[in-house]
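Residue numbering for the first sequence follows the UniProt record's numbering, beginning at 1 and increasing consecutively.
Yeah, the Cβ is synthetic: ideal placement off N, Cα and C, and Gly gets one too.
Taking it in order: structure first as structure tokens, then the write-up.
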Amino acid sequence: MNLPALHAALLGWFSVQRRDLPWRVTDEQGRRDPYRVWVSEVLLQQTQVVRGRVYFERFLTAFPTVQALASAPQEAVLKAWEGCGYYARARNLHRAAQQIVQSGLPSTYEGWRALPGVGPYTAAAVASLAFGEAQAVLDGNVRRVLSRLYAVEEPTPRWAQETADALLDSDHPGEWNEALMDLGATICTPANPRCAECPLSAQCAAFASGDPAQYPAPKKRAAVRQISAVALLIGTAQQAYLEPRTGALLGGLWGLPLEEVGPDEDEAAALLRLTARLGAATGRRLGTAQHSMTHRTLAVTVYAAEADLPLTPVVQRPLPRLDHKLLALDSADRVQPALF
DNA sequence: AAGCCGGGGTC
DNA sequence: GACCCAGGCTT
1 MNLPALHAAL LGWFSVQRRD LPWRVTDEQG RRDPYRVWVS EVLLQQTQVV
51 RGRVYFERFL TAFPTVQALA SAPQEAVLKA WEGCGYYARA RNLHRAAQQI
101 VQSGLPSTYE GWRALPGVGP YTAAAVASLA FGEAQAVLDG NVRRVLSRLY
151 AVEEPTPRWA QETADALLDS DHPGEWNEAL MDLGATICTP ANPRCAECPL
201 SAQCAAFASG DPAQYPAPKK RAAVRQISAV ALLIGTAQQA YLEPRTGALL
251 GGLWGLPLEE VGPDEDEAAA LLRLTARLGA ATGRRLGTAQ HSMTHRTLAV
301 TVYAAEADLP LTPVVQRPLP RLDHKLLALD SADRVQPALF
């Protein structure tokens, strides 16, 4: 591989085709705010740029500085993250902000890597983009570009990182990293890559093979589980009894009280468990909502219920999309006597 | 190394 | 429905 030619080709393309993104703004000296870079990188973990962009604006408005983030309640941080998924990212971001206020802002790869929620990718991205350190990022885009460049169908993590390290333009590490990712996102796409517009096609083994899209081979994925559950709406879609969710799944968020329908169980049994736990009286059936997550498909049936429990305004709590769907079953066709 | 963690875009 | 997305943490 001719490295100088590779660097010149990609950086030349990037100088013209780079995407204009809010976390790429620089000051008069051409420096970026490390806080903005860090927030954007965490937001973009397993999240596409178009969506990350919306949440970035929302998040930076709520927490313009690392001090503002550190001093906010965790629930406010999760509220700004509501609907974005992978909520451990928000909890870790919050914890890391508090560590930064205590111990100072890291300026090296190793320093960033030590913070919660900052892995090899994010540490390399912040170190190179905000501090000019020569660290190569390896994300899904880079993995795919390298897989094609060398026609390696099943790149191991080790091979991919070593190859990314070897190709890095140490004189322009931040630019190089972003250029490689932009190429993967806009030209070297998973399906139907636009090789005719690619600045690296002349050096690309997958292009030479005639079927670049076969690289890399698809990853094997875990089977999706089907889950049924029942939930109670005590109150209204605007003002309801909500429970905090704990554990890995949706931890830190709130939602309607919910019970899973066991494999050898009918819905009535789960409903009985739920009403017994809360001392609630079941009302009418409001409907069933379907919700799919990466690893499971949920069918949740919601019942109206009465109980002597505190109601809180829904807008005050961070709720996952699932619970917004459940609340939407309390639809306009339901008469709300309190309003009349 | 493999599972788990959301939600949505795209083909 | 399959596959993916500027991944990281836990086991």
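Sequence-distant partners of W254 (beyond 5 residues in either direction) whose C-beta falls short of 8 Å from its own C-beta, in its chain, are L242, E243, P244, R245, R317, P318, L319, D323. By the neighbour-count criterion, in which 16 or more other beta carbons inside 10 Å mark a residue as buried, L249 falls on the exposed side. When D330, P313, N177, R296 are compared, the shortest CA-CA separation from A223 is found for R296. Looking at the DSSP output, W112 shares a beta bridge with no other residue. Take V118, set aside five residues on each side of it, and the residues of its chain with a beta-carbon closer than 6 Å to its own are W112, in chain order.
V37: member of the alpha helix (DSSP H) spanning 34 to 43, first to last residue.
When the alpha-carbon of L146 is set against those of S15, A160, T156, the nearest one is in A160. Secondary structure at Q203: helix, using DSSP grouped into helix, strand and coil.
As the crow flies, the alpha-carbon of Y150 is around 32 Å from that of A114. Within its own chain, the residues whose Cβ lies closer than 6 Å to the Cβ of L327, once the five positions on either side in sequence are excluded, are A237, listed in chain order.
In the structure shown, the three-state DSSP call for M181 is helix. Residue environment: S71 is assigned as exposed (fewer than 16 neighbouring CB atoms within 10 Å of its CB, all protein chains considered). Taken through DSSP and simplified to helix, strand or coil, L232 comes out as strand. Taken atom to atom, the span from the alpha-carbon of S103 to that of L93 is near 15 Å. As for any alpha helix (DSSP H) of minimum length 4 sitting wholly inside the stretch 240 to 328, the runs are 267 to 278, 321 to 328, ordered along the chain. Taking all protein chains shown into account, D139 has 16 or more neighbouring C-beta atoms within 10 Å of its C-beta and is therefore buried. In the three-state scheme derived from DSSP, where H, G and I count as helix and E and B as strand, I227 is classed as strand. Taking the Cα of F131 as reference, the smallest distance to any Cα among N2, Q98, Y109 is reached at Y109. When DSSP states are grouped into helix, strand and coil, K219 belongs to the coil group.
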